[in-house]
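Chemist:
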Amino acid sequence: MSSQLVGEHEFEAADGLPQALPSGERLLWQGRPDPWLLARHALHGDLVAAYFVVLIGWQVASAWADGAGPAQLAAQLATALPMAVLGLGLLGLIAWLMARTATYTLTDQRIVMSIGIVLSVAYNLPLSQIVAADLRLRRGGSGDIALTLADGQRIAWLHLWPHVRPWRVARTQPMLRGLPDAREVGAVLARAAREHAATRPAAARPA
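full-length UniProt numbering puts the first residue of the sequence shown at 1, with every later residue one more than the last.
1. For the beta strand (DSSP E) that contains Pro126, what are its first and last residues?
2. Alpha carbon to alpha carbon, how far is Val60 from Gly116? Give it in angstroms, no decimals.
3. Looking at Leu135 and Ala182, is the spacing between their C-beta atoms short of 9 Å?
4. Would you mind reading off the limits of the beta strand (DSSP E) that contains Thr103?
5. Where does Ala75 land, buried or exposed, given buried means 16+ other C-beta within 10 angstroms?
6. Drop a sphere of 10 angstroms on the beta-carbon of residue 211, count the other beta-carbons inside from all chains shown, and report buried for 16 or more, exposed for fewer.
7. In the DSSP assignment, what are the bridge partners of Leu86?
8. Which partner residues of Pro174 appear in the DSSP bridge assignment?
9. Could you please give me the residues that DSSP links to Trp29 through a beta bridge?
10. Below 6 Å CB to CB, which residues in the same chain sit around Ala193 once its five sequence neighbours on both sides are set aside?
11. In the structure shown, what three-state DSSP assignment does Val112 receive?
12. Can you grab the Cα-Cα spacing for the pair Gly186 / Ile145, in whole Å?
13. Measuring straight from C-alpha to C-alpha, what distance separates Gly67 and Trp58?
14. With a threshold of 16 other CB atoms inside 10 Å of the CB of Met83, please say whether the residue is buried or exposed.
15. Going by the CB atoms, is the gap between Gln30 and Thr101 shorter than 9 Å?
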């Protein structure tokens with residue numbers, strides 16, 4: 001198997017994989033991001049919701065300070081609330097589409113990230129080219145796993161977004177985002193990495 005990172009643009013991935021696994025390669029785990037987690041943490045849904053709350057609160061408070069009565073305040077809310085609902089609804093729809101069109105696959109040889117709403121692109125990340133995996137857990141066991149690639153291996157940040165670690169543009173880190181069972185996935189990945197390293201020829205291992 002090639003040790004290079006590959007973006008497959010020529011076809012849509014089937015079942016999260018660009019093609020059938022080679023003989024001898026084992027599927028260890030496969031899953032998708034959770035839309036709710038993507039909306040909250042990748043698309044900053046919490047901040048967007050807080051913005052609308054502050055904006056509507058400020059508008060109502062200003063109207064009340066100017067002497068507006070209950071009917072006028074209700075009219076103010078009737079104007080502002082639909083805009084907030086529409087904005088949050090669009091954000092939720094985008095998160096759902098991103099999650100629905102993304103599949104993360106872990107085998108005993110590589111991680112495959114099949115992503116893309118309009119164009120499905122499959123990125124092959126050989127375990128031999130992943131030097132570190134950073135598990136970030138949240139309350140309830142959900143979280144993200146950021147992957148540090150070996151020197152010389154790079155994928156454009158915009159090509160990966162939102163499946164990429166924020167603010168790491170110079171040296172991008174692909175990220176398995178919005179995992180409901182992040183701890184379990186991290187354990188499977190750690191075990192796969194150890195077993196893969198043990199089977200590599202001694203000359204191929206880092207000093």
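Quick reminder that beta carbons are idealized off the backbone N, C-alpha and C, glycines included.
Modeler: A quick look at the data gives this:
1. Residue 126 sits at position 126 when you count from the first residue of the sequence shown. The continuous beta strand (DSSP E) containing Pro126 extends over residues Val121 to Pro126.
2. What you label residue 116 is simply residue 116 of the sequence shown in a count that begins at 1. What you label residue 60 is simply residue 60 of the sequence shown in a count that begins at 1. Each residue's Cα considered, the two are about 40 Å apart.
3. Working through the sequence shown from its first residue, we reach residue 182 at position 182. Working through the sequence shown from its first residue, we reach residue 135 at position 135. Yes, the Cβ-Cβ distance between Ala182 and Leu135 is below 9 Å.
4. Locating residue 103 in the sequence shown gives position 103, counting from the first residue. Thr103 to Thr107 is the extent of the beta strand (DSSP E) around Thr103.
5. In the sequence shown, counting from the first residue as 1, residue 75 sits at position 75. Under this definition Ala75 is an exposed residue.
6. Residue 211 lies beyond the residue range present for the chain, which begins at 1 and ends at 207; the question has no answer from this structure.
7. Within the sequence shown, numbered from 1, the residue matching residue 86 stands at position 86. The bridge partners DSSP lists for Leu86 come to none.
8. Your numbering for residue 174 matches position 174 in the sequence shown. Looking at the DSSP output, Pro174 bridges to Val164.
9. One-based indexing of the sequence shown puts residue 29 at position 29. DSSP output for Trp29 lists Leu106 as bridge partner(s).
10. Here the question's residue 193 lines up with position 193 in the sequence shown. Cβ neighbours of Ala193 beyond the five flanking positions: Leu127.
11. Against the sequence shown, residue 112 aligns to sequence position 112. The answer is strand: DSSP assigns Val112 an E or B state.
12. Your numbering for residue 186 matches position 186 in the sequence shown. Your numbering for residue 145 matches position 145 in the sequence shown. A direct Cα-Cα distance of roughly 7 Å separates Gly186 from Ile145.
13. On the sequence shown, position 67 is the one that residue 67 refers to. On the sequence shown, position 58 is the one that residue 58 refers to. Whole-angstrom Cα-Cα distance: 14 Å.
14. Taking the sequence shown and counting its residues from 1, one reaches residue 83 at position 83. So Met83 counts as exposed.
15. Stepping through the sequence shown from its first residue, residue 101 is reached at position 101. Stepping through the sequence shown from its first residue, residue 30 is reached at position 30. It is not a contact, given that the beta carbons lie outside the stated cut-off.
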